[in-house]
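In the numbering used here, the protein residues as written are 248 to 431. Note that CB positions come from ideal geometry on N, CA and C, so glycine has one too. Worksheet for the structure shown next.
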């Protein structure tokens, strides 16, 4: 009701999963149509909870969508997902994240071993290699370019929820550094 009284053009949320569903369900209960924007934290879990109410939601997305069925990385994850007999309710962004992060750690650790050897492998060696990643893309699911001061995804794209699917409506783009100047 407070949102409706302010008459916003858009509501942007970075609340994960159930939060986005609660927003659109509450808006529907008072017959208020909202334009919702979000990010990667709003995933298929949210769609499972809110269904068609999320149609039209616009997202800044930093991982490939399960719904990009032509993508080789998504096809591989879908194959593994099906082979392990996962339930449809387990089809969330966390599955992508798990594979992306494990593959990134494998890559960085391999680079660290190549640089210093197994006998000198430590956290510092791994961190140094992590901060040298430039457009590293595990299975094409995301992009990482880390620096000593920035440890976050480097690219994202714009997506929209349509017919309970997260569909890309743009190409991968460099993400701006939104940290305050004193932390850059």
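For the beta strand (DSSP E) containing residue 305, name the first residue and the last one.
Residue 305 sits at position 58 when you count from the first residue of the chain shown. It spans 305-308 - the beta strand (DSSP E) in which residue 305 sits, taken as one unbroken run.
Who does residue 403 pair with in a DSSP beta bridge?
In the chain shown, counting from the first residue as 1, residue 403 sits at position 156. For residue 403, the beta-bridge partners assigned by DSSP are 420.
Could you give the distance in angstroms between the alpha-carbon of residue 387 and the alpha-carbon of residue 341?
On the chain shown, residue 387 is found 140 positions in, with the first residue counted as 1. On the chain shown, residue 341 is found 94 positions in, with the first residue counted as 1. Answer to the nearest angstrom: the Cα atoms are 16 Å apart.
Check whether the Cβ atoms of residue 339 and residue 292 sit closer than 7 Å, and answer yes or no.
Indexing the chain shown from 1 puts residue 339 at position 92. Indexing the chain shown from 1 puts residue 292 at position 45. Yes, the Cβ-Cβ distance between residue 339 and residue 292 is below 7 Å.
Would the beta-carbon of residue 314 fall within 7 Å of that of residue 414?
Within the chain shown, residue 314 is the residue found at index 67, counting from 1. Within the chain shown, residue 414 is the residue found at index 167, counting from 1. A contact, by the Cβ cut-off of 7 Å.
How about residue 351 and residue 385: are their beta carbons less than 7 Å apart?
The residue you call residue 351 lines up with position 104 of the chain shown. The residue you call residue 385 lines up with position 138 of the chain shown. At the C-beta level, residue 351 and residue 385 come within 7 Å of one another.
Which of helix, strand or coil DSSP assigns to residue 277:
For this step, residue 277 is matched to residue 30 along the chain shown. Three-state DSSP puts residue 277 in coil, outside helix and strand.
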